[in-house]
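4 protein chains.
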Amino acid sequence: MTNIKFFITTSLLTLSALSYSQERNNINVPDLDSLITLKCDFHIHTVFSDGLVWPTVRVQEAYSEGLDAISITEHIEYRPHKKDVVSDHNRSFDIAQKTADEYGVILIKGSEITRPMAPGHSNAIFIKDSNSLDKKKYMDAYKEAKKQNAFIFWNHPGWYSQQPDTTLWWPEHSELLEKGMMHGIEVANGVLLTPEAIDWCLENKLTMLGSSDIHQPINTDVDFAKGEHRSMTFVLAKERSEQGIREAFEARRTLVYYQDMLIGEEQYLRPFFEKSIEISEVSRDEKSILIRIENKTDIEFKFNKTDHDVSLEYFRDYHIKPNSRHDIRIRLKNGITGGDMNFDVTNLWIGNNKPLPFTIKL
Amino acid sequence: MTNIKFFITTSLLTLSALSYSQERNNINVPDLDSLITLKCDFHIHTVFSDGLVWPTVRVQEAYSEGLDAISITEHIEYRPHKKDVVSDHNRSFDIAQKTADEYGVILIKGSEITRPMAPGHSNAIFIKDSNSLDKKKYMDAYKEAKKQNAFIFWNHPGWYSQQPDTTLWWPEHSELLEKGMMHGIEVANGVLLTPEAIDWCLENKLTMLGSSDIHQPINTDVDFAKGEHRSMTFVLAKERSEQGIREAFEARRTLVYYQDMLIGEEQYLRPFFEKSIEISEVSRDEKSILIRIENKTDIEFKFNKTDHDVSLEYFRDYHIKPNSRHDIRIRLKNGITGGDMNFDVTNLWIGNNKPLPFTIKL
Amino acid sequence: MTNIKFFITTSLLTLSALSYSQERNNINVPDLDSLITLKCDFHIHTVFSDGLVWPTVRVQEAYSEGLDAISITEHIEYRPHKKDVVSDHNRSFDIAQKTADEYGVILIKGSEITRPMAPGHSNAIFIKDSNSLDKKKYMDAYKEAKKQNAFIFWNHPGWYSQQPDTTLWWPEHSELLEKGMMHGIEVANGVLLTPEAIDWCLENKLTMLGSSDIHQPINTDVDFAKGEHRSMTFVLAKERSEQGIREAFEARRTLVYYQDMLIGEEQYLRPFFEKSIEISEVSRDEKSILIRIENKTDIEFKFNKTDHDVSLEYFRDYHIKPNSRHDIRIRLKNGITGGDMNFDVTNLWIGNNKPLPFTIKL
Amino acid sequence: MTNIKFFITTSLLTLSALSYSQERNNINVPDLDSLITLKCDFHIHTVFSDGLVWPTVRVQEAYSEGLDAISITEHIEYRPHKKDVVSDHNRSFDIAQKTADEYGVILIKGSEITRPMAPGHSNAIFIKDSNSLDKKKYMDAYKEAKKQNAFIFWNHPGWYSQQPDTTLWWPEHSELLEKGMMHGIEVANGVLLTPEAIDWCLENKLTMLGSSDIHQPINTDVDFAKGEHRSMTFVLAKERSEQGIREAFEARRTLVYYQDMLIGEEQYLRPFFEKSIEISEVSRDEKSILIRIENKTDIEFKFNKTDHDVSLEYFRDYHIKPNSRHDIRIRLKNGITGGDMNFDVTNLWIGNNKPLPFTIKL
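Chains as they are written, first to last, in the working numbering: chain P, 59 to 420; chain A, 59 to 420; chain L, 59 to 420; chain V, 59 to 420.
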């Protein structure tokens, strides 16, 4: 990942918008055959709820970081600045939209239904009117969201403020699920991972999401100079459009990009990994084989050796650094000439604490 | 300077402010005998005029960067968000004050009188009521500021949007000066340097200031990971307080810290530089002298050799990097045993394009 | 940790050493009562064995990173450059010593006894003559080291090249231990952690060490801009001297600093942690307590909640970032007014995978 | 430019070269029509003269930084390590060649003829045998270089150690030039710029070069995390090969990349700049025109307004940041509808202190 810097020389200039500059980062990850990997964040706040920046800033941040799509999801029920920041629930979307068009960032309309546990918080996105979600009873808000054909996902199930010691699935969530009012879950929210949510998604055919839930300027929470990135969702879409994202959501074609981890269904994570690296044999003799692994992504892959023929000697743990090539020697003992080099990719999860197993045939 | 990172893990947490963290940078520069070097920025915007962040963010940024004092100076006459962000001209100060107290950042009340050239823009700080500055005629606004005992300084005189090709001093500025309504000038504003203002300050006994004029989140304009800093004013104060700053302003004890430059009156810049470095002789023989220069500040000093005895051979240009020690050899030719090692410190200016001359006696 | 940069403007200058500059980093960690925390690395290579830099570079790197002491430990039995780099086993120490004196870096003479498993590789440090360690049989080399009153430690026990699948303790190690020829073990070597070695040290009263085992220029392996550091040993010494280090070694007063972890005996790690943070109560009411934790070190501390009164609600996981202050709110439920806030500091280990437990009394 | 990190996990591994990893940076600059921009450094030292790293390190550094070609140019006459590092003048090339082949870095054989002023130091590259350059008289060394069909360039003419106060051209240089023994000059060497050399090259049809003259590990002198790069030569070649470089040298198709500057003949620098940016008109009305400038290179371009129709109001100074897009508004006064937007690109030099003039037609 290139060092992110979005410099906007506004000093002096804002009065008449005389000039403006913007750097664009590129998140290096592969597309799959016939699917584009869109980098997305569907949980974001501004001064119009309890965030601390103007809506346009969210678009500029997204553009600079190389995101394709965002949703600004103000709390319906929590607006601590409302004495100063008036206007209705649709306003921050409206303000951001012009900037989004200018930058080519897909802006999806959404809101956060913000209730005590259960059911806690949910985002409803792809909605038409946020104001209608402002209801007394939570179920009425969900009903309205469903009526607007929203895609609804449960936010940060493991948030200790609402689930102090254990991450529970409540009867309310079963009800929402049955009524078609829950379509996905935030597996990752900011620095919080809720591993239980991975298996809930797999069991209930729900879409996995990762979001920033950013309130501050993004640079405050994410140190780009150190290679950090916001928690986000990779949407494996047939096209780069709002419709493309919706279709991929329905089909659950997402990966969660959280810190150094990728989380998702094996059917998508395995080909994603295979497209991320190139493996070739450099040389071979009786004693050893030298293979080369090229990693052209911004993601580090962490290998941990699993069961194998002990005559095949190779690393125990190995880190494939981003954007680099690695030459790895495998020793051949006891006269063998090849075999299965088995390992887990420990930072790619296809279930709760379940790494992706991988084999290189030698 | 340590790498600045002010991480505030607000995701999830804002609703009930469950936890909060903040890193504090330290800007390494010397104090003078009996004077404390306060790092200050008196030109800042928020969503309450045409800025893009909430007022509290400005305090957190200031704390994190190691600033001692700031002034939030919303435009009186330009409030593009006013449809959404209501409230009066005093409001952003009031919002920021609680956070400022919490962080120990000195918050000085101010506003920007925002008029066409001439006289252009000025900041009035140390005021009591911003609302009263909202007048039809600019002179009435200045009068009101003076009435409130404001310290008034002319902002960004060289801004091409108001002075397209030449930086002019207009009759209006003479009038303001005569009437005691101009006490300082912004020599540096964001990335803009107005070198003419240096001599105007020297000639008219005005205080030199440097400001960020920040509208975006500060990290958007300043790349701390690359060692950048906002444009700011070093106030050489007798005490760390609002009163201390005011007294230093009256006495014109300021230095402007702009990019890699320091600008100020020689009577303050010279001792500041002398306190920044330590020079010692390491060894000496007939052929050469080895001296050591220790730089314990975050500022790089750039030396450029000036007239000297040619039998004394030393660098032509030399950069004293921040926080480092340098061993420099001076060759003695033609039987000399010492002499004057003369150079300019080219990034320290005591006038418009006038570097500080310096001599090391050998 | 300040960003490390050791710029030595040698271009052009080496011929006559006309000038030279060096930045010094400071590793912020506490001293204990009457004990100084020395930052040390006792496993380093240069071109005189299979390393790739000149010995003086090792001293400059150490100085720049803020190390107090190093040992250059060339392989006795492996010198792939010996066709080009001649001279005996003592030579790299001799070359480095002058630079070490100049920089005030303590240079301890050592060598690496480099044998197949068992017993594998060991460093013998505090020796007088490296050449005498060049013996046919490994036991003779260890005997000679002991004769020279060496401190001997087993290097990288978990190195898969010598222990392909399991980290074993061999009879040879028991023999060395019994004969007084093993005084410590490398728990961490470069990127390799050998967790089994922690318990071996605890059981056998051996000193724990962490080392870089650096062969390349240090910047090649360690990305200082990202806050990385080399694997090293904190020696808790009564004085900053070679003798001080030796005395601390005998008393096993060391901590291993590996990636984001500290590993050591609880009797030293607990007070080290207590000196690293300051805990204070900010405010308190019936519903909650607000505490402040200040971390003045360069080390991040990772808290993980353990068994506690469920009426005391606080974080599940919390990261105390380096050089920052954290305000953390604890909720009081069911009428309680205080209690024990229990957590593990998961990146501080007092045994193999055994985090330091900690309690804050509220 | 991506953040450079060349991590080579040699700890433990060097003994049997079990694995090895390398990151590759890409220097983003344009190719010209039918010419490839090769990034090259033809002035480098190792332990085989007065450098401080092993020759293979120089290849790895070059690969990691994204260089295409290097020359290791040990001093013939200055070998301070020769007591320890034996072997002849050809040896460091031979050692580096295998690694160069492995990495696809073009390694051109060369040596530095290292004499007092005049004529000072010169590099002879594309030679066959370095040993033959070891002559008593400097002219014999140059003759031998010429006999080997070397490309010879004068190094660091402005080095104060040999030209303490003024950069002079000596009769010896005229003689070398007349005899066909000087084909280029180092305009930039490490941190040293010799601006006089630019005009000497233009007048005498000599090739301009930029070199690192690196002695230390490259990371010691160049802070990649801050976006720095080594001084280098861009060779505009018909093919990526040793022959391609030689042909471009003969035709003087080079640009010097020094700090934030590019220096070269206008016939190459102008199209290079034109290929670096894309200019388009975004919108236009009676009062103003909005243009967009995209900079897809790693180089910042600095504009300074020059003579123009004062009815056309635009920036005075403007910095086009690397890898970014800039929207710039030009105001139309007095009823004009367009005109010439004139500026210098102040960091692109086509002569000594002579910036490239540029016009955008509106």
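The beta-carbon is built from N, C-alpha and C at its ideal position, and this holds for glycine as well. All values derive from a computational prediction rather than experimental measurement.
The C-beta of E81 (chain A) comes closer than 8 Å to at least one C-beta of chain L.
Residues of the region 128-155 of chain A with a C-beta less than 7 Å from any C-beta of chain P: Y136, D142, V143, V144, S145 and R149, listed in chain order.
Of the candidates P:E305, P:D159 and P:E286, the residue whose Cα lies closest to the Cα of L96 (chain P) is P:E305. Here W212 (chain P) is bridged, per DSSP, to P:S180 and P:I243. Neighbours of L226 (chain L) in chain V, taken as residues at a C-beta separation under 8 Å, are lacking, since the least C-beta distance is about 17 Å. The Cβ atoms of N213 (chain A) and H179 (chain A) lie closer than 8 Å to each other. Sequence-distant partners of R387 (chain L) (beyond 5 residues in either direction) whose C-beta falls short of 6 Å from its own C-beta, in its chain, are S346 and L348. Secondary structure at H384 (chain V): strand, using DSSP grouped into helix, strand and coil. Per DSSP, the continuous beta strand (DSSP E) segment holding W407 (chain A) begins and ends at D398 to G409. In this structure, DSSP gives L390 (chain A) an extended state, which the three-state scheme calls strand. When CB distances to chain P are screened at a threshold of 7 Å, the residues of the region 346-374 of chain L falling below it are V368, E371, F373 and R374, in chain order. Secondary structure of E332 (chain V) (DSSP, three-state): helix.
By the 16-neighbour rule on beta-carbons within 10 angstroms, G242 (chain P) is buried. At a cut-off of 8 Å between beta-carbon atoms, S382 (chain L) makes contact with chain A.
Here DSSP, grouped into helix, strand and coil, assigns Q274 (chain L) to coil.
According to the DSSP assignment, K419 (chain A) belongs to the beta strand (DSSP E) that extends over K412 to K419.
Shown here for I378 (chain L): same chain residues with a beta carbon closer than 8 Å to its own, the five before and five after excluded, namely I335, I351, N353, E358, F359, K360, F361 and H384 in chain order. The alpha carbon of K412 (chain P) has as its nearest neighbour, out of P:E244, P:K284, P:I321 and P:N262, the alpha carbon of P:I321. In the structure shown, Y161 (chain L) adopts helical secondary structure according to DSSP, grouped into three states. Judged by DSSP in its simplified three-state form, F100 (chain A) adopts coil rather than helix or strand. Fully contained in the region 257-327 of chain L are the following alpha helix (DSSP H) runs of length 4 or more, in chain order: 276-279 and 300-308. For a Cβ distance threshold of 7 Å, residue set V368 of chain A lies close to D223 (chain V), ordered along the chain. Secondary structure at T225 (chain L): coil, using DSSP grouped into helix, strand and coil. Around the beta carbon of K186 (chain A), fewer than 16 other beta carbons lie within 10 angstroms, which makes this residue exposed. Listed by position along chain L, the residues whose Cβ is nearer than 9 Å to that of T114 (chain V) are L110. The shortest CA-to-CA distance from W258 (chain V) to any of V:K391, V:D198, V:S232 and V:M175 is the one to V:S232. Of the other Cβ atoms in all chains shown, 16 or more fall within 10 Å of the Cβ of P177 (chain V); this residue is therefore buried. Our two residues, I134 (chain P) and S190 (chain P), have alpha carbons roughly 10 Å apart in a direct line. At a cut-off of 8 Å between beta-carbon atoms, A283 (chain V) makes contact with chain L.
Excluding five sequence positions before and after I153 (chain P), the CB atoms of its chain that fall closer than 7 Å to its own CB belong to P113 and T114, given in chain order.
For the region 184-197 of chain L, the beta-carbon criterion of a distance under 9 Å to any beta-carbon of chain P is satisfied by none of its residues. Our two residues, K140 (chain P) and V105 (chain P), have alpha carbons roughly 9 Å apart in a direct line. Contacts with chain L at 8 Å (Cβ-Cβ) do not include P229 (chain V).
Non-local C-beta neighbours of K391 (chain P) in its own chain, meaning closer than 7 Å and more than five positions away in sequence, comprise S369 and E371, ordered along the chain.
Two segments are said to touch when three or more pairs of C-beta atoms, one from each, lie closer than 8 Å; by this definition the region 274-291 of chain P touches the region 277-290 of chain A. Contact between the region 85-93 of chain A and the region 117-134 of chain P is absent: fewer than three C-beta pairs spanning the two stretches fall below 8 Å.
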